[in-house]
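Enquirer: Quick one: this structure, given as structure tokens, is what I'll be asking you about.
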Amino acid sequence: MSIQRAYKIDKHYKSLLLSLMALVVFASSVTVVSGQEMLSREAAMGLTLEHNYDIKVAEKSLEVADNNQSILNSGYLPTVSTNGNVGISGYQGQNQTVNGDINYDPTDAYNYGASIGFDYVLFNGYGRMYNYKQLKEQYNISELQARQIIENTLLELSNSYFQMAQLTESVSILKNALSISTTRMLRAKYSFEYGQTTQIDLLNAQVDVNNDSISLLNTIQELENSRRNLNLIMGREIETEFVVDTTVNFDLPGTRDVLVSQAYARNVLIQQTNSQLRNSEFALKASQAGWFPALSLSGGYNYSGNQNPAGAFVTGSYNLGPQAGLTLAWNIFDGGTTRVKSQNARVEIKRQQILKEQTEFSIKRDVLNAYGAYQNSLFVYYAEKANLETARKNFERSDDLYKQGQINSIEFRQAQLNLLNAQNNQSIAKYNAKYEELKLKQLAGILLED
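Below you can see the structure in the form of structure tokens.
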């Protein structure tokens with residue numbers, strides 16, 4: 180080999196080595212900075228419940244529903260009002276001329292009054308009672324809607340958390356793969372310098388190092404993106420650094436029949452349809468109130484008086500005292516409005532019953548599908564674990580054979596890629612199985628109990 184050719188190869192190798200050193204420093208710096216905080220999934224859920232923007236908006240909507248269901252909005256309390264008045268009559272007088280001047284003799288009159296009164300509906304055909312029950316049920320629906328938002332947000336959080344955990348493992352796997360490829364490149368360089376191998380082996384090793392470096396850099400970028408996305412879901416500063424726990428424990432929720440029974444009793448969508456059905460029944464009762472009479476009680480205290488001008492026959496008077504009364508009103512015929520409202524309310528009840536049945540069947544289907552997906556994902560996970568163990572043993576054997584010169588670099592690289600794929604597949608399968616478990620728990624209505 181010529182000196183010029185060897186110099187070019189050595190120069191190219193040094194340039195590649197410097198790039199690798201910079202990459203290792205960058206990857207290590209990411210790990211060190213992230214190591215400032217270990218964020219468990221439970222802690223992440225706590226931050227999400229406290230700071231997530233969607234959950235905050237849902238809480239404000241729930242506050243409005245809580246205000247609406249108050250006794251102050253029910254019609255059960257009386258209304259009290261007060262008013263007062265004072266007035267003066269138009270200007271009146273007699274004209275008198277004295278030494279050419281016109282004088283006016285004003286004769287003003289005043290009136291004034293004040294009152295306080297109350298009105299209270301004693302009976303209105305139970306319409307007030309069922310309207311109040313509707314407000315209570317509407318609050319219950321708002322609670323269920325807020326719970327649905329919380330469940331969906333926590334499921335989204337878990338998915339993002341597992342994605343970051345999987346990328347964390349991928350970075351570790353790729354760093355190890357890059358280390359193996361770098362060692363192989365050094366071996367190929369020395370073997371080429373001593374004439375034990377061809378330049379093709381060295382170039383192939385350098386290509387593999389470049390490919391592993393690119394994969395590592397891309398995965399690190401994905402990891403940083405997933406960290407920012409997770410911070411957004413938790414409602415905190417986007418650039419907050421942390422690492423996640425890569426430990427996963429599986430907890431089988433129960434048998435298929437148990438999960439279906441739990442879904443019928445606890446699933447948030449089924450509970451919403453039940454609540455909507457009750458609300459429709461209350462609406463029917465409220466619409467029928469127009470067929471009944473209404474009885475109201477009123478009372479108050481009045482004071483009024485007036486002051487006439489001087490010289491009037493009566494100079495002034497005043498009246499004061501309490502007053503009370505009952506009012507009975509019965510709209511014998513309202514043009515059919517009450518009848519139409521009642522008919523529409525009955526139709527709405529039937530519609531809600533259909534939706535309830537549809538929702539129950541849909542949730543049962545989803546639970547059974549999710550149960551099957553969870554069982555399948557667990558099988559895939561354990562199968563990938565077995566594949567990983569086989570790929571690891573195969574790589575260790577191939578590494579020994581490569582060092583002894585019994586297999587070439589292509590065969591060694593294939594064993595390395597098999598190990599790399601098995602490691603990534605096992606990592607992906609682990610988090611997929613856990614996510615399927617959480618989806619199954621959500622359908623069964625026990626996610627928030629986890």
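With the first letter of the sequence shown counted as 1, position 220 gets the number 399 in the numbering used here; the numbers rise by one all the way through.
Think of the CB as a built atom: it goes at the ideal place given N, C-alpha and C, for glycine as much as any other residue.
Quick caveat: nothing in here was measured; it's all calculated off a predicted structure.
Put THR347 into one of helix, strand or coil per three-state DSSP.
Expert: Looking at THR347 - three-state DSSP - the assignment turns out to be helix.
Enquirer: For MET217, write down the residues that DSSP places opposite it in a beta bridge.
Expert: In the DSSP output, where bridge partners are listed per residue, MET217 has VAL422.
Enquirer: Start and end of the alpha helix (DSSP H) containing THR517?
Expert: 516-582 is the extent of the alpha helix (DSSP H) around THR517.
Enquirer: Decide if TYR550 is buried, meaning its Cβ has at least 16 other Cβ atoms within 10 Å, or exposed.
Expert: Under this definition TYR550 is a buried residue.
Enquirer: Taking 7 Å as the limit between beta carbons, can you name the residues of its chain near ILE328, skipping five residues before and five after?
Expert: Counting only Cβ-Cβ distances below 7 Å, and skipping sequence neighbours, we find ASP233, ILE234 and ALA237.
Enquirer: What are the boundary residues of the alpha helix (DSSP H) that includes VAL447?
Expert: VAL447 -> alpha helix (DSSP H) spans 447-466.
Enquirer: Using 8 Å for Cβ pairs, my map puts ASN338 next to TYR614. What's the rounded Cβ distance?
Expert: So it is a contact: roughly 6 Å between Cβ atoms.
Enquirer: Note down the Cα distance separating MET413 from LEU218, rounded to an integer number of angstroms.
Expert: Taking the straight line joining both Cα atoms gives about 12 Å.
Enquirer: Suppose you measure from the CA of LYS187 to the CA of ILE393; what does that come to, to the nearest Å?
Expert: Caution applies to LYS187, whose pLDDT of 47 falls short of 50 and renders its modelled position unreliable; the value that the coordinates give is listed next. Those two C-alpha atoms are separated by around 24 Å.
Enquirer: Nearest-angstrom Cα distance between ASN498 and THR506?
Expert: Approximately 24 Å, taken between the alpha carbons.
Enquirer: In three-state DSSP terms, what is PHE591?
Expert: Here PHE591 sits in helix by DSSP.
Enquirer: Alpha carbon to alpha carbon, what distance is there between SER321 and ALA244?
Expert: In a straight line, the C-alpha of ALA244 is about 7 Å away from that of SER321.
Enquirer: Rounded to the nearest angstrom, what separates SER459 and THR516 at their Cα positions?
Expert: Approximately 18 Å between the Cα atoms of the pair.
Enquirer: So what's ASP513 in DSSP terms, helix, strand or just coil?
Expert: ASP513: coil per DSSP, three-state reduction.
Enquirer: Pairing CB atoms from the stretch 592-606 with CB atoms from the stretch 401-420, are three or more of them under 8 Å?
Expert: With the cut-off at 8 Å, the stretch 592-606 and the stretch 401-420 do not touch.
Enquirer: Near ASN604, which residues of its chain fall below 8 Å by C-beta distance, leaving aside the five closest residues on each side in sequence?
Expert: Counting only Cβ-Cβ distances below 8 Å, and skipping sequence neighbours, we find GLU563, ASN566 and LEU567.
Enquirer: So, helix, strand or coil for ASN303, using DSSP?
Expert: ASN303 falls in the coil class under three-state DSSP.
Enquirer: What residues are listed by DSSP as bridge partners for LEU476?
Expert: Looking at the DSSP assignment, LEU476 forms a beta bridge with TYR299 and LEU505.
Enquirer: With C-beta atoms as the reference, is ASP631 less than 8 Å away from SER360?
Expert: Outside the shown range of the chain (180 to 629) lies residue 631, about which nothing can therefore be said.
Enquirer: With C-beta atoms as the reference, is LEU357 less than 8 Å away from VAL388?
Expert: Yes, these two residues count as a Cβ contact at 8 Å.
Enquirer: Should ILE267 go down as buried or exposed, given a rule of 16 or more other Cβ atoms within 10 Å for buried?
Expert: Answer is exposed; the Cβ neighbour count stays below 16.
Enquirer: Using a 10 Å radius around the Cβ and a threshold of 16 neighbouring Cβ atoms, would you call GLN345 buried or exposed?
Expert: Its Cβ being crowded by 16 or more others within 10 Å, GLN345 is buried.
Enquirer: So, using beta-carbon positions, are ALA442 and ILE542 closer together than 8 Å?
Expert: Yes, these two residues count as a Cβ contact at 8 Å.
Enquirer: Rounded to a whole number of angstroms, what is the C-alpha to C-alpha distance between PHE302 and PRO472?
Expert: Their Cα atoms are separated by approximately 8 Å.
Enquirer: With DSSP run on the structure shown, which of helix, strand or coil describes GLY225?
Expert: In the structure shown, GLY225 sits in a helix (DSSP, three-state: H, G or I).
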